[in-house]
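In our numbering, the protein residues as written are 18 to 485. What follows is a set of notes on a single structure, which appears directly below.
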Amino acid sequence: VEPHMTGITGVLSMLYFDAATGETTYVNGSAARPQAALDGFSPADLATGRGVAVPGFWAGFEAAHARHGKASRATLMEAAIGYARDGFEMHPFLWGEIFVEYGKIGRTPQGREIFSRNDTLPRPGDLLVQERAADTLAALLEEGNDYFYQGAFAQELVDVVQAAGGVLTLEDMEQYEARWQPPAEGSYRGYKVLGSPPPDHGGSHLIEILNMVELLDLEKLGPPTESAESLFHMARIANQVYLDGFKQHDPATHELPLELILSKDYARMRFDLMQMDRTVDAGPAPPPAGSNHVTAVDADGNVSTILHSCMSLPWSNGLFAGGVTVVAAGAHYMRVMPGPGDRISAYVCPNIVFDGERPMLASGSPSVSLLQNILQNTSNIIDFGIPIAESVNRPRFGGGSYTSPGKLLVEVDLDEKVRKAAAKRGIAWDVVNPWNWHHGSFEGIFLDADGMAHACGDPRRNAMALAV
């Protein structure tokens with residue numbers, strides 16, 4: 018129901034805590050670069066087939082279900098097939114993106130068939146029916162990975178991509194496998210933190226950030242919505258870790274000293290060096306991104322936090338195969354160009370905070386500001402005891418601005434005196450509207466000592482918290 022933010026030609030990665038064994042595992046179903054050369058790759062390629070990577074969504078889904086699934090695949094897919102075949106009422110977020118991006122969507126017959134039936138644009142509340150997508154999902158239900166990576170869907174996807182100048186091949190599709198990895202591990206003020214490991218390095222980035230934020234006396238300073246000093250340091254630390262991540266490649270083929278990077282000693286050294294020069298370099302405009310995140314806890318205490326995404330702006334290339342969007346996950350080539358066949362370095366952050374061995378806070382977020390989002394909410398809850406519903410609705414600072422390179426995002430309702438005082442310390446702000454969608458959506462669940470779950474839909478996206 019958010020085909021502008023995610024899809025089966027994108028990615029799916031999951032951090033999972035098994036209550037029965039106490040084990041936490043991570044499956045990387047992220048995108049991989051095709052084997053062929055991509056010389057001179059540029060942002061312009063995202064509008065063509067050259068920006069299409071090898072999709073990992075379906076392999077990630079199959080791997081996660083095979084190891085941890087309880088319900089049948091048919092049960093899991095029933096609602097998706099129904100929404101595609103019978104339609105659903107179009108929500109304003111989706112309609113707005115269709116309106117803005119129709120110049121891309123409308124370039125192909127499949128795009129027009131889905132999004133402008135009878136040669137007219139739909140209106141909010143109209144039914145969006147995706148019959149081809151329903152047929153594709155039904156075939157995947159029956160044939161699974163074989164259909165997606167070797168069968169008719171794989172062939173159609175490759176044909177569409179190559180016709181648009183791309184280099185994706187059937188061999189690339191056939192060679193793709195989901196990757197199981199141990200999570201990145203750290204701690205924050207005595208709590209254990211597990212997160213997505215490189216090349217899905219948002220989780221390890223979060224640990225890097227928390228290691229440095231731990232050096233701040235936040236109890237004395239106060240939260241970033243009230244303290245210019247906290248706002249300055251937290252925004253700067255998160256931004257610097259994000260920029261340093263541009264140097265990290267797929268550890269399957271490139272050496273990455275993760276134990277050192279996540280160490281407290283390294284954090285102290287980085288923090289001390291940052292005090293020598295308080296200039297804040299926001300860096301270049303971030304690569305485009307679009308995602309969904311889901312966090313769930315079941316009655317047995319199992320915890321799952323899942324990022325699934327198109328990893329690009331909506332309908333970047335206007336291509337469709339099997340009634341679904343062909344996403345341009347190659348947008349992440351603009352951050353770190355992977356080697357042939359390597360995974361993209363994906364800025365995603367499924368994470369779980371533990372109180373002893375008990376999951377206490379599980380979360381994740383979409384958007385370029387996902388690290389800042391998760392940092393602020395995690396700190397609000399741990400450092401200040403702010404209830405999750407209040408934390409989610411507080412004003413936020415964010416990541417780099419798309420429209421004003423060199424500036425960091427901040428919501429206008431964050432106290433003006435606080436943000437101006439932080440600006441005097443060296444941060445250039447791009448002041449945006451309250452509940453700005455580029456600040457992501459905190460998809461978090463807080464579990465108290467009695468096992469009661471607390472959550473809140475983030476108003477910045479089409480989010481909701483639901484107990485069933």
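Using N, Cα and C, we set each Cβ at its ideal position, and we do this for glycine too. Keep in mind that this is a model prediction, so the values were computed, not measured.
Close-in-space but distant-in-sequence residues of the same chain around residue i (CB under 7 Å, 5 per side omitted)
i, result
"Leu154", "Met94, Ala97, Ile98, Ala101"
"Gly239", "Ser247"
"Val429", "Val448, Val449, Asn450, Pro451"
"Val311", "Ile323, Glu460"
"Thr270", "Gly356, Asp359"
"Ala345", "Leu63, Gly68, Val69, Ser329, Ser333, Asn334"
Proximity winner among the options, relative to residue i (alpha-carbon distances)
i, options, result
"Ile131", "Ala156, Leu157, Asp103, Leu158", "Asp103"
"Asp447", "Leu431, Val28, Glu160", "Leu431"
"Ser321", "Ala81, Ala61, Leu277", "Ala81"
"Tyr205", "Asp475, Tyr259, Ser280", "Ser280"
"Tyr259", "Leu275, Leu277, Ser221, Phe249", "Ser221"
"Gly66", "Val175, His456, Lys424, Ala302", "Val175"
"Phe414", "Val365, Ile405, Pro139, Ser384", "Ser384"
"Val210", "Ser380, Gly123, Gly113", "Ser380"
"Gly120", "Pro376, Trp454, Asn334", "Asn334"
"Glu19", "Val341, Asp35, Phe58, Ala48", "Val341"
"Thr125", "Ser89, Ala151, Ala180", "Ala180"
"Gln389", "Gly77, Ala440, Gly417", "Gly417"
"Gln393", "Ser244, Asn45, Asn162", "Ser244"
"Leu157", "Leu273, Ala76, Asp56, Pro51", "Ala76"
"Asp400", "Asp234, Tyr350, Val485", "Asp234"
"Asp267", "Asp465, Tyr350, Gly123", "Tyr350"
"Ser382", "Leu55, Leu223, Arg352, Leu464", "Leu223"
"Thr242", "Gly128, Leu55, Val427", "Val427"
Boundaries (first-last residue) of the beta strand (DSSP E) holding residue i
i, result
"Thr42", "40-45"
"Ile10", "The chain is shown only over 18 to 485; residue 10 falls outside these bounds and no answer can be derived."
"Ala379", "375-380"
"Ser14", "Because the chain here runs from 18 to 485, residue 14 falls outside it and cannot be looked at."
"Met31", "28-35"
"Thr312", "308-314"
"Glu428", "425-428"
"Val210", "208-212"
Outcome for residue i when other beta-carbon atoms lying within 10 angstroms are tallied against a minimum of 16
i, result
"Gly468", "exposed"
"Trp332", "buried"
"Val343", "buried"
"Ser308", "buried"
"Gly356", "exposed"
"Trp197", "exposed"
"Glu225", "buried"
"Glu191", "exposed"
"Gly524", "Residue 524 falls outside the range modelled here, since the chain spans only 18 to 485, and no answer is possible."
"Leu32", "buried"
"Arg295", "exposed"
"Glu159", "exposed"
"Glu228", "Checking the sequence, you will find Asn at residue 228 rather than Glu. Flag for Asn228 reads buried."
"Met286", "exposed"
"Met251", "buried"
"Glu407", "exposed"
"Asn397", "buried"
"Gln292", "exposed"
Whole-number beta carbon distance between residue j and residue i, since they are thought to touch under 8 Å
i, j, result
"Leu378", "Gly300", "With a Cβ gap of about 29 Å, Leu378 and Gly300 do not count as contacting."
"Leu277", "Ala201", "Contact flag wrong, Cβ pair sits at about 13 Å."
"Ser173", "Ala338", "Strictly speaking, residue 173 in this sequence is Glu, with Ser absent from that position. With a Cβ gap of about 5 Å, Glu173 and Ala338 count as contacting."
"Ile391", "Asn410", "Not quite, the Cβ-Cβ distance comes to about 16 Å (not below 8 Å), so this is no contact."
"Tyr193", "Ala49", "6 Å"
"Gly46", "Gly73", "4 Å"
"Leu29", "Phe105", "That belief does not hold up - the Cβ atoms of Leu29 and Phe105 are roughly 21 Å apart, past 8 Å."
"Ala363", "Asp217", "5 Å"
"Pro422", "Ala302", "4 Å"
Other residues of its chain near residue i: CB distance less than 6 Å, five sequence neighbours each side excluded
i, result
"Ala472", "Ile462, Ala482"
"Ile115", "Phe132"
"Arg253", "Val297"
"Thr23", "Asn309, His325, Ser326, Cys327"
"Val178", "Gly66, Val69, Leu185"
"Gly183", "Gly66, Arg67, Val69"
"Val314", "Val320, Ile462, Ala470"
"Met354", "none"
Span of the alpha helix (DSSP H), counted from its first residue to its last, around residue i
i, result
"Ser408", "405-410"
"Phe78", "74-85"
"Gln179", "169-180"
"Arg196", "Where Arg196 is concerned, there is no enclosing alpha helix (DSSP H), although the beta strand (DSSP E) it sits in stretches over 196-198."
"Asp359", "Run containing Asp359: none; DSSP gives neither H nor E here."
"Ala245", "245-261"
Cut-off 8 Å between Cβ atoms - residues of its own chain near residue i, not counting five sequence neighbours on either side
i, result
"Ala348", "Leu63, Gly68, Pro304, Pro305, Ala306, Met328, Ser329, Leu330, Ser333"
"Pro139", "Met107, Trp112, Ile115, Phe132, Ser133, Leu145"
"Asp35", "Thr41, Thr42, His85, Asn319"
"Ala440", "Trp446"
"Glu148", "Ala101, Arg102, Gly340"
"Gly142", "Glu106, Met107"
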